[in-house]
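Each residue of the sequence shown is one higher than the one before, starting from 0 at the first, in numbering that gives the first Met the number 0.
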Amino acid sequence: MSSVVRSLGEKLTALMSRTRRETGRRHSNRTLAADVEALPDCDVSLSHTLVGHLASGRQSNPTVDTVIALCKALGDVPPAHLLPHSSYDDLEALQAFENPAARQALVLLDRFGDELPGVLRLLTLLEGLPEAELRNVIADLKRRRDDLGLKPIPRNDPVAKQPKGRRRTADEAAAYAAKALEGL
């Protein structure tokens with residue numbers, strides 16, 4: 000990771016300079032605005048002037064819907080990549096993290112105490128594997144954890160409904176809120 004934080008404009012300009020699959024040409028302000036307008040089920044209206052202002056850094060605070068639409072039009076780039084933080088500069092790692100199986104492999108690897116940069120490099124390699132091979136890697140990691148006697152990782156399936164717990168009492172809710180506000 001670099002210590003220099005790239006701005007939204009710098010990242011957007013870099014993404015626009017990549018060649019498009021459909022035409023083989025790079026995005027211009029007009030073509031990106033047109034691609035955003037052509038997105039199905041998208042209510043964002045984006046002018047080429049606004050795209051230019053975002054890319055040049057004159058406008059640096061777009062709405063969340065605008066960022067999501069830009070990312071979809073640029074080839075399903077993870078929206079976090081446009082955030083101005085050095086942790087989100089590695090586009091390949093963010094794209095790999097979008098794969099649920101790769102995330103599961105990362106969780107399994109993280110429990111072994113691997114250093115984060117090495118795990119992220121491995122994560123980008125895992126993204127390139129066919130689905131069947133990625134499942135084999137996950138199965139091998141689970142077997143390795145079992146062999147080492149480590150606790151199994153709970154599966155966080157967003158589709159599965161989580162059992163509802165009891166409701167907090169007023170005193171518990173107040174204590175929870177106070178504890179949450181302590182860090183602010």
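Glycine residues also receive a C-beta, built at the ideal position from the N, C-alpha and C atoms. This structure is a prediction, so every number in the text was calculated from the model and none was measured.
Asked, Found
"Residue from Arg24, Tyr175, Glu9 with nearest C-alpha to Ser85", "Glu9"
"The segment 37-45 touching the segment 20-29, judged by at least three CB pairs closer than 8 Å", "no"
"Identity of the residues DSSP links to Thr18 by a beta bridge", "Arg25"
"Close-in-space but distant-in-sequence residues of the same chain around His52 (CB under 8 Å, 5 per side omitted)", "Gln58"
"Where Gln58 falls: helix, strand or coil (DSSP)", "coil"
"Span of the alpha helix (DSSP H), counted from its first residue to its last, around Thr65", "63-72"
"Per-residue burial, Leu180 [other beta carbons within 10 Å of its own, 16 or more giving buried]", "exposed"
"Rounded separation between Thr12 and Gln103 - CA only", "32 Å"
"Cutoff 6 Å; reference Tyr175; Cβ partners in own chain excluding five residues on either side", "none"
"Under the three-state DSSP convention, the category Leu180 falls into", "helix"
"Cut-off 7 Å between Cβ atoms - residues of its own chain near Val4, not counting five sequence neighbours on either side", "Pro83, His84, Ser85"
"For Arg134 and Asp170, the rounded distance between their alpha carbons", "46 Å"
"6 Å CB neighbourhood of His26 in its chain, flanking five on each side removed", "Met15"
"Distance between Ala138 and Leu31 (C-alpha atoms, nearest Å)", "42 Å"
"Distance CB(His80)-CB(Leu93) smaller than 8 Å", "yes"
"Cα-Cα separation between Asn98 and Glu130, rounded to whole angstroms", "10 Å"
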